[in-house]
Amino acid sequence: MLVVGVDLIEIRRIEGVLSRHGNRFLDRVFTEAERSHCAGRAEALATRWAAKEAAAKALGTGIGDVRWRDIEVWCDERGKPHLRLHGGAQALAQSLGITELAVSLAHEGGQAIAFVVGIGHSAAEGSGQEG
0 MLVVGVDLIE IRRIEGVLSR HGNRFLDRVF TEAERSHCAG RAEALATRWA
50 AKEAAAKALG TGIGDVRWRD IEVWCDERGK PHLRLHGGAQ ALAQSLGITE
100 LAVSLAHEGG QAIAFVVGIG HSAAEGSGQE G
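Set out below in structure tokens:
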């Protein structure tokens with residue numbers, strides 16, 4: 000099974016929310032590690048916002064059914080982004096048979112984009128039933 004999600008956001012939208020809501024917005028949407036890594040940089044926050052939206056789409060739900068902080072973007076020592084799921088997002092991925100998620104992030108020309116691909120087995124494959 001293969002699932003995908005993509006999201007595109009104008010960086011100025013994140014800049015606007017930051018100027019209006021500041022730490023309240025950051026605390027609601029981003030984990031402590033994400034906030035530390037981004038250090039208030041709107042383009043970094045926007046790519047992570049897009050990644051959370053894209054991951055929720057790959058899970059087939061949209062962000063309404065999982066909490067923002069249940070989807071975390073982290074970077075390895077080479078700077079490659081990865082996704083870590085917590086709480087409801089992790090439970091949903093497990094119930095769908097999604098075993099791995101990959102993410103790609105970019106920002107250019109005032110926009111940020113994220114593309115998420117998930118792989119795994121369908122519920123029917125996992126149970127031995129045909130779908």
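Each residue of the sequence shown is one higher than the last, beginning at 0 in numbering that gives the first Met the number 0.
Where is the CB? At the ideal position from N, CA and C, for every residue including glycine.
#1: Kindly give me the distance between the Cβ atoms of residue 29 and residue 17, rounded to whole angstroms, as I take these residues to be in contact under 8 angstroms.
#2: Let me make sure I understand the geometry here. Which of 115, 110 and 118 has the alpha-carbon closest to that of residue 41?
#3: Starting from the C-beta of residue 87, find all residues in its chain whose C-beta is less than 8 angstroms away, skip the five residues before and the five after it, and write them out in chain order.
#4: Going by DSSP in three states, residue 126 sits in which element: helix, strand or coil?
#5: Which whole-angstrom value describes the C-beta separation of residue 113 and residue 50, a residue pair presumed to lie in contact below a C-beta threshold of 8 angstroms?
#6: I need the straight-line Cα distance from residue 34 to residue 62, nearest angstrom please.
#7: By Cβ distance, which residues of its chain are closer than 6 angstroms to residue 10, with the 5 residues on each side in sequence left out?
#8: Between the alpha carbons of residue 129 and residue 120, how many angstroms are there, rounded?
#9: Please state if the CB of residue 73 and the CB of residue 81 are separated by a distance shorter than 8 angstroms.
Short version:
#1: The Cβ separation is near 11 angstroms, so there is no contact.
#2: 110
#3: 64, 65, 66 and 69
#4: Bear in mind that the predicted position of residue 126 carries a pLDDT of just 48, short of 50, making it unreliable; the figure below should be weighed with that in mind. Reduced to three states, the DSSP call for residue 126 is helix.
#5: 4 angstroms
#6: 19 angstroms
#7: Taking residue 10 as the centre and dropping the five residues before and after it, the same chain places the C-beta of 41, 42, 45, 109 and 111 closer than 6 angstroms to its C-beta, in chain order.
#8: Low confidence applies here, because residue 129 scores a pLDDT of 45, under 50, leaving its location unreliable; read the following figure in that light. Their backbone Cα atoms lie some 12 angstroms apart in a straight line.
#9: yes
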